[in-house]
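Contents: one structure, followed by commentary.
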Amino acid sequence: MEEIIFHKTPLGSNDKKIPHAEMASGETSLDIVEDHEPDAFYFRALERQNIFLNKPQIEAVRHIDGPVLTLAGAGSGKTSVLISRTGYLINVNHVAPGNILLVTFTKKAADEMKNRISRLPGLTKQMAYAVQACTFHSFFLTILRHSGFRQQILGSERAKQITIKQILKKMGLHDAYQPETLLSLFSSYKINLKEMPDKTDAEKEQKQIYQRYEQWKKDNNKMDFDDILLESYHLLKQSPALLQSLQRRFKYVMVDEFQDTNVLQYELIKMIVKHHQNFFVVGDDDQTIYSFNGASNYFILNFQKEFPGAQTVTLDINYRSTASIVGLGNKVIQENSKRRKKTLQATKKADAIPEYCRPQTTDEEAEMIIRFIKREVGEGRREYGDFAILHRTASSSRAMFEQLILNRIPFIPYSLKDDSFYEHWVVKPIIDYLRLSLNPRDFDAIEGILPTLYINRQNGMSMINSQENTQMKKYPLIHLTKSPDLKDYQRNNIKERIELTKELKDEKPLKAIRQIRKNFYDKFLEANLEKTSLHKENIKETLDELESSAKRFDSITAFIRFIDDIVKEQKALQSLSKANDANAVSLMTIHRSKGLEFPVVILIGASEGILPHSSAIDAGRLEDVRVDKTEKEKALDAIEEERRLAYVAITRAKDEIYICSPAYYRGHKAEVSRFFLSPYSLKKPGKQFVKQNEPASKRTVIAWICTSSTCIAWQQITSNEDAKLDNKQCPLCGSSMEKGNKSI
1 MEEIIFHKTP
11 LGSNDKKIPH
21 AEMASGETSL
31 DIVEDHEPDA
41 FYFRALERQN
51 IFLNKPQIEA
61 VRHIDGPVLT
71 LAGAGSGKTS
81 VLISRTGYLI
91 NVNHVAPGNI
101 LLVTFTKKAA
111 DEMKNRISRL
121 PGLTKQMAYA
131 VQACTFHSFF
141 LTILRHSGFR
151 QQILGSERAK
161 QITIKQILKK
171 MGLHDAYQPE
181 TLLSLFSSYK
191 INLKEMPDKT
201 DAEKEQKQIY
211 QRYEQWKKDN
221 NKMDFDDILL
231 ESYHLLKQSP
241 ALLQSLQRRF
251 KYVMVDEFQD
261 TNVLQYELIK
271 MIVKHHQNFF
281 VVGDDDQTIY
291 SFNGASNYFI
301 LNFQKEFPGA
311 QTVTLDINYR
321 STASIVGLGN
331 KVIQENSKRR
341 KKTLQATKKA
351 DAIPEYCRPQ
361 TTDEEAEMII
371 RFIKREVGEG
381 RREYGDFAIL
391 HRTASSSRAM
401 FEQLILNRIP
411 FIPYSLKDDS
421 FYEHWVVKPI
431 IDYLRLSLNP
441 RDFDAIEGIL
451 PTLYINRQNG
461 MSMINSQENT
471 QMKKYPLIHL
481 TKSPDLKDYQ
491 RNNIKERIEL
501 TKELKDEKPL
511 KAIRQIRKNF
521 YDKFLEANLE
531 KTSLHKENIK
541 ETLDELESSA
551 KRFDSITAFI
561 RFIDDIVKEQ
571 KALQSLSKAN
581 DANAVSLMTI
591 HRSKGLEFPV
601 VILIGASEGI
611 LPHSSAIDAG
621 RLEDVRVDKT
631 EKEKALDAIE
641 EERRLAYVAI
651 TRAKDEIYIC
661 SPAYYRGHKA
671 EVSRFFLSPY
681 SLKKPGKQFV
691 KQNEPASKRT
701 VIAWICTSST
711 CIAWQQITSN
721 EDAKLDNKQC
731 PLCGSSMEKG
741 NKSI
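Residue 630 in UniProt numbering sits at position 630 of the sequence shown, with consecutive numbering throughout.
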């Protein structure tokens, strides 16, 4: 088996010192709480249940009245604090269980809270049941039900998308919008308590769709999850008596995962705690990574402004990861300026340290990781279930996904939706054009490309099918030219696309895809950009990833066969994804991994343009209607959130972490991510990265340069062995390379 090369520091770093976190003292309640103290009985009872709290945890548990912000670093035992404080309120301060509200974000977390509360010393099951441990939505839904709201909950995303599709169809906009894009847009305005704008034509159209969606829910006695919170907000604003009864009952309110709170949730909770202010929140601003869902670290950073005199407790002892993993996390996140300062201590020592690799491409990265996992499992050191492979975006997992399938390694693609990469709405029309080049009578493919001709799918297929019944054509798409509703340019487009599919048949798939993009597809997507939630750069990234996949194949036939096999295998994975005890590799986005932990984490794509993502690097120049910030502020905030993503990825690892940084991405040279260079830099943080448009001195080097006119790859010649070679194959496009000079 080919050797797998990992390094102790990232290539390009100039400091070889491995960061390690300081070791925590190891003191617990056994040492801190003396027997003569009035609450010692409770801590002794916790200890008998093997719950040993450290000093800051004890401080948080003992806090009773008034607001408190508990900064819970990664792996610092925040759930133990919430549970133990609940028991402390009941056992030591004699608070009635029914007066306690404990709110979290997921049903799974809420159920775990209830289960652990029921096992606390001094509590009966009846007392534990009286504590309101629930999600935001379940708590406020109960309030609505008691207030006479009888709407059925429209909880299924698929059901909501079908409803939006029906509305679009009635409005003649069936192919104009992606339903998930619209639903995300509607949700954003609701949770931020804002009215939808209607200045541009697109905004007016979107607002009309929104109004029809709201009317449909009203007519059908439905409400979605956002409506639960929004209706509750309006209800409490309009019903002072109801609000006062909630304020009197819930005298102690606790919120878990406070960094994930959005504006609407925060406003609701503030209404309940307004008078007594016994408000205990637990969160970590360093793990605020859901800004696209309305979460903001602003609430943690400004907690004392909202609640003057609030106490702050910092849980800074990590029980999950080794000292070197915690140390790396500390070094990475300390570069952020908008954060509460904290440095985590560790409790676990280990010989293993974070390791780094620098593959040439994402495909080589995937192959290298597969060999590594096979070796570790084959030699008995690990099981498949020990590994988590984390990636920044859905499209950046394409190569990894395929290699796992091709090598028959059991894995669970947690972030996978119903569609594979090749069925993504951005990718599928191009695949359909490739299919038509092989079989012009592929009617599913014909239906798939109709929106790119600005023709309604249903109307177009109805026309084609009716004409086919009269006269079958080798190229059924030509039937559409007879439609009296089409404009001349549309008829010309149809004829041009038919000719294009004829030309593509014998081309290599990479060249065919580039031709489709250049001729019309990139312009088509850009023209419809306002109707999608994706940035222009995200769309380009997805299509560039498609090109990376296609370049491995010599014929469209082989590429399509490969795609069909991958899609088929992906369908078979659905059952494995539901098996909680499956011994399988976890493949997921960093966002999806938050709150989880794994013995071994492999972070892929730790390169500039992937992490930090290109959309974040360019955030200062991109329009964002949700925020009112200067270019500088937007750029800083975007990069800091990307750094938090890197921090979350690091702190998922318990024993080992491997960080891979592809040297080429989307056909361009990609530097190692700044997030992983900065911990190993002797220079002042942030200064080692060349700014865009900043002049730099140049020098000329001897290099291998790709001969393809569409490829920009080159490699510096650094050894005699390399210089003696007569020819070399380009690692990106497979074309031949020739020796030449390169200015760098």
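Just so you know, even glycine gets a beta-carbon here, dropped at the ideal spot from N, CA and C.
Where do the ends of the beta strand (DSSP E) carrying residue i lie?
i, result
"residue 365", "Not the beta strand (DSSP E): residue 365 falls in the alpha helix (DSSP H), residues 362–378."
"residue 586", "585–589"
"residue 227", "First-last for residue 227: 225–238, but that is the alpha helix (DSSP H), not the beta strand (DSSP E)."
"residue 49", "Neither: residue 49 is in no beta strand (DSSP E) and is coded neither H nor E."
"residue 411", "411–413"
"residue 501", "Run containing residue 501: none in the beta strand (DSSP E); it sits in the alpha helix (DSSP H), 488–504."
"residue 391", "387–391"
"residue 345", "345–348"
Measure the beta-carbon distance from residue i to residue j and round it to whole angstroms, keeping in mind my assumption that it falls under 8 Å.
i, j, result
"residue 586", "residue 373", "That pair is no contact at about 12 Å."
"residue 342", "residue 323", "Not confirmed; about 16 Å, so no contact."
"residue 790", "residue 123", "Residue 790 cannot be examined here, being either before or after the span of the chain that is shown, 1 to 744."
"residue 66", "residue 278", "7 Å"
"residue 541", "residue 666", "7 Å"
"residue 664", "residue 360", "6 Å"
"residue 229", "residue 265", "7 Å"
Could you tell me the boundaries of the alpha helix (DSSP H) in which residue i lies?
i, result
"residue 158", "157–170"
"residue 265", "263–273"
"residue 427", "Run containing residue 427: none; DSSP gives neither H nor E here."
"residue 206", "201–219"
"residue 400", "398–406"
"residue 113", "107–118"
In its own chain, which residues sit with a C-beta less than 7 Å from the C-beta of residue i, not counting the 5 before and 5 after it?
i, result
"residue 28", "52, 53 and 54"
"residue 56", "313, 314, 315 and 316"
"residue 106", "135"
"residue 47", "29 and 30"
"residue 9", "16, 356 and 680"
"residue 306", "none"
"residue 677", "10, 12, 13 and 688"
"residue 655", "322, 350, 352, 599 and 600"
Among residues of its own chain, excluding the 5 on either side of residue i, which ones have a beta-carbon nearer than 6 Å to its beta-carbon?
i, result
"residue 6", "355 and 357"
"residue 85", "61"
"residue 353", "18 and 324"
"residue 203", "197"
"residue 206", "none"
According to DSSP, is residue i helix, strand or coil?
i, result
"residue 704", "strand"
"residue 320", "strand"
"residue 695", "With a pLDDT of 35 at residue 695, under the threshold of 50, the predicted position of this residue should be treated as unreliable, though the coordinate-derived value follows. Reduced to three states, the DSSP call for residue 695 is coil."
"residue 688", "Here the model assigns residue 688 a pLDDT of 36, short of 50, so the residue's position is not dependable, and the following value carries that caveat. Of the three classes helix, strand and coil, the one that applies to residue 688 here is coil, per DSSP."
"residue 669", "strand"
"residue 63", "coil"
"residue 422", "helix"
"residue 154", "coil"
"residue 27", "coil"
"residue 130", "helix"
"residue 15", "coil"
"residue 550", "helix"
"residue 194", "coil"
"residue 737", "strand"
"residue 101", "strand"
"residue 555", "coil"
"residue 295", "coil"
"residue 599", "strand"
"residue 524", "helix"
"residue 36", "coil"
"residue 653", "strand"
When every heavy atom of the ligand ADP is checked, does at least one fall within less than 8 Å of the C-beta of residue i?
i, result
"residue 48", "Judged by which ligands are present, the structure shown has none, so any question about the ligand ADP falls away."
Report all residues from its chain with a CB closer than 8 Å to the CB of residue i; omit the five preceding and five following residues, and keep chain order.
i, result
"residue 555", "508 and 509"
"residue 727", "736, 737 and 738"
"residue 694", "Because the pLDDT at residue 694 is just 32, under 50, the model does not fix this residue reliably, and the value given afterwards should be weighed accordingly. Nothing meets the Cβ criterion."
"residue 474", "440 and 441"
"residue 328", "19, 354, 650, 657 and 679"
Is residue i close to chain D, meaning its C-beta is less than 9 Å from at least one C-beta of that chain?
i, result
"residue 117", "Looking for chain D here will not work: only one protein chain is present."
Should the stretch 631–647 be called in touch with the stretch 379–387, which here means at least 3 C-beta pairs below 8 Å?
-> Fewer than three beta-carbon pairs drawn from the stretch 631–647 and the stretch 379–387 are found closer than 8 Å, and the two stretches are therefore not classed as touching.
Between the stretch 507–526 and the stretch 384–403, are three or more C-beta pairs nearer than 8 Å?
-> Contact fails between the stretch 507–526 and the stretch 384–403, because fewer than three Cβ pairs, one in each stretch, are under 8 Å apart.
If we count Cβ pairs, one from each stretch, closer than 8 Å, do we get three or more for the stretch 278–292 versus the stretch 30–41?
-> The answer is no - the stretch 30–41 does not touch the stretch 278–292, with fewer than three Cβ pairs under 8 Å.
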